[in-house]
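Structure, as structure tokens:
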Amino acid sequence: MNPHTLHAPRAPGDIRQHPTGAARLGPELLLAVAAERLRAARPELAARADLTTPQGLLDARAALTADEEGDPAGSPLVVAVIGRFDLPRWVAETCRFALALPREPAATWRRAFTRTVFLAGRPDNLTERFTFDHMAEDGSTAWAGPAPQETTTALRRLLKTLDASRELSAWSPVTVEVPGAPPEGAARPPVHRDLCIATARVTVSQLLVQVNHLLVEAVLDQLIAPGDRLTLRAVPRLTGPAVPFAALRVDADPRRAHQLRAYAGLTEEI
Numbered sequence: 001m002n003p004h005t006l007h008a009p010r011a012p013g014d015i016r017q018h019p020t021g022a023a024r025l026g027p028e029l030l031l032a033v034a035a036e037r038l039r040a041a042r043p044e045l046a047a048r049a050d051l052t053t054p055q056g057l058l059d060a061r062a063a064l065t066a067d068e069e070g071d072p073a074g075s076p077l078v079v080a081v082i083g084r085f086d087l088p089r090w091v092a093e094t095c096r097f098a099l100a101l102p103r104e105p106a107a108t109w110r111r112a113f114t115r116t117v118f119l120a121g122r123p124d125n126l127t128e129r130f131t132f133d134h135m136a137e138d139g140s141t142a143w144a145g146p147a148p149q150e151t152t153t154a155l156r157r158l159l160k161t162l163d164a165s166r167e168l169s170a171w172s173p174v175t176v177e178v179p180g181a182p183p184e185g186a187a188r189p190p191v192h193r194d195l196c197i198a199t200a201r202v203t204v205s206q207l208l209v210q211v212n213h214l215l216v217e218a219v220l221d222q223l224i225a226p227g228d229r230l231t232l233r234a235v236p237r238l239t240g241p242a243v244p245f246a247a248l249r250v251d252a253d254p255r256r257a258h259q260l261r262a263y264a265g266l267t268e269e270i
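Numbering (full-length UniProt numbering), first residue to last: 1 to 270.
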């Protein structure tokens, strides 16, 4: 799935400009978010598509897929191998991974819409055969890339795609701290945000894809930094929050043809 994440949106459809102080996440706003994200990351692709309709976005996604398949060596990819999944730990380690990325590979990966493949496996059993760029402190997850797809071909052939088809259940709010100390001379002090995640008819596999894109792009946009606190909140569906969203993850709704859905949102500072 290709990410449609908008950071600091602007009118028309500005999330923060609703007179009640909360966003109405209607079809028009979701479409505006998705279209703006595509224009920002790949303006040349956006120029070839009609982004005023959901069908136009689907056409743009098809064109992007064709581009990636036509140039697999040049399209960067991240492979995440997951042995055990614990949401708070995974959120923290995903942020740690993104924060450690060098600038140039991160920018190239961003242009490829931070494409990530999730595989099922035990990272600690693979370290003698494969080199990972980051591993969670407890060994639960390891990351390789971003790198050309061909560099992880052997790993992807060995392991199966993670199949976590169980639908999400609600959880009590839990706060995690983004790993690392704020660098000296940081542009801002650590902040506290809510990370709201939709759970209705969303599987664990879908959560991984959707929240991963939101988190890593928020890190690259410096919305998430070391020392920040993120309160993970389960909601059936995203609606207008009391605190406006700074970033919103929008993608196709697999159960409703030609419609978009908000999967996760990162609020402004609380």
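C-beta: ideal position from N, C-alpha, C; glycine also.
{"Check": "Here's the rule: buried if 16 or more other CB atoms are within 10 angstroms of the residue's CB, otherwise exposed. What is Val174?", "Outcome": "exposed"}
{"Check": "Can you give the Cα-Cα distance for Val33 and Phe245, rounded to whole angstroms?", "Outcome": "12 Å"}
{"Check": "Return yes when the Cβ of Leu260 is within less than 8 Å of the Cβ of Ala247, no when it is not.", "Outcome": "no"}
{"Check": "Look at the alpha carbon of Ser172 and the alpha carbon of Thr151, and state the distance between them as a whole number of angstroms.", "Outcome": "40 Å"}
{"Check": "Check whether the stretch 88-98 and the stretch 215-226 touch, using three or more Cβ-Cβ pairs below 8 Å as the test.", "Outcome": "yes"}
{"Check": "What is the rounded straight-line gap between the Cα of Gln210 and the Cα of Pro102?", "Outcome": "23 Å"}
{"Check": "What's the C-alpha gap between Leu232 and Ala60?", "Outcome": "32 Å"}
{"Check": "Roughly how many angstroms separate the alpha carbons of Leu168 and Arg48, rounded to a whole number?", "Outcome": "37 Å"}
{"Check": "Please name the residue in Val204, Arg256, Ala242 whose C-alpha comes closest to that of Arg84.", "Outcome": "Val204"}
{"Check": "Assuming Ala46 and Leu38 are in contact, meaning their beta carbons sit under 8 Å apart, how far apart are those beta carbons, in whole angstroms?", "Outcome": "5 Å"}
{"Check": "Which residues in the same chain as Ala181 place their Cβ atom closer than 8 Å to its Cβ, once the five residues preceding and following it in sequence are excluded?", "Outcome": "Pro226, Gly227"}
{"Check": "Following the continuous alpha helix (DSSP H) through Pro43, name the residue where it begins and the one where it ends.", "Outcome": "43-46"}
{"Check": "Could I get the ranges of all uninterrupted alpha helix (DSSP H) runs contained in the stretch 71-105, with 4 residues as the minimum, in chain order?", "Outcome": "87-99"}
{"Check": "Hey, could you find the ends of the alpha helix (DSSP H) Ala218 is sitting in?", "Outcome": "204-220"}
{"Check": "Just curious, the beta strand (DSSP E) that Arg156 is in, first and last residue?", "Outcome": "Looking at the DSSP string, Arg156 is not in any beta strand (DSSP E); the run it does join, the alpha helix (DSSP H), is 153-158."}
{"Check": "By alpha-carbon positions, which one of Ala66, Arg89, Arg229, Glu44 ends up nearest to Glu137?", "Outcome": "Arg89"}
{"Check": "Apart from the five residues just before and just after Ala8, which ones in its own chain have a Cβ nearer than 6 Å to its Cβ?", "Outcome": "Only weak support is given to the placement of Ala8: the predicted model assigns it a pLDDT of 37, under 50, and the value that follows is read from those uncertain coordinates. No residues qualify anywhere along the chain."}
{"Check": "Please report the straight-line C-alpha distance between Ala170 and Ala234, rounded to a whole angstrom.", "Outcome": "5 Å"}
{"Check": "Sorted by chain position, which residues of the same chain lie with C-beta nearer than 6 Å to Thr108's C-beta, five sequence neighbours on each side aside?", "Outcome": "Pro76"}
{"Check": "Given a cut-off of 8 Å, decide if Arg255 and Arg201 are closer than it, judged by their beta-carbon atoms.", "Outcome": "yes"}
{"Check": "Looking only at C-alpha atoms, which of Pro148, Gly240, Asn125, Ile270 sits nearest to Val81?", "Outcome": "Asn125"}
{"Check": "Does the Cβ-Cβ distance between Glu269 and Val176 come in under 8 Å?", "Outcome": "no"}
{"Check": "Is Trp171 helix, strand or coil by DSSP?", "Outcome": "coil"}
{"Check": "Under the three-state reduction of DSSP, which class applies to Glu184: helix, strand or coil?", "Outcome": "coil"}
{"Check": "My guess is that Ala264 and Leu195 are in contact by the Cβ rule of under 8 Å, so how many angstroms apart are they, rounded?", "Outcome": "7 Å"}
{"Check": "Are Thr199 and Pro236 touching if we call contact CB-CB under 8 Å?", "Outcome": "yes"}
{"Check": "Which partner residues does Asp194 have in the DSSP bridge list?", "Outcome": "Thr231"}
{"Check": "Excluding five sequence neighbours on each side, which residues of the same chain lie with their C-beta closer than 8 Å to the C-beta of Asp50?", "Outcome": "Gly56, Asp59"}
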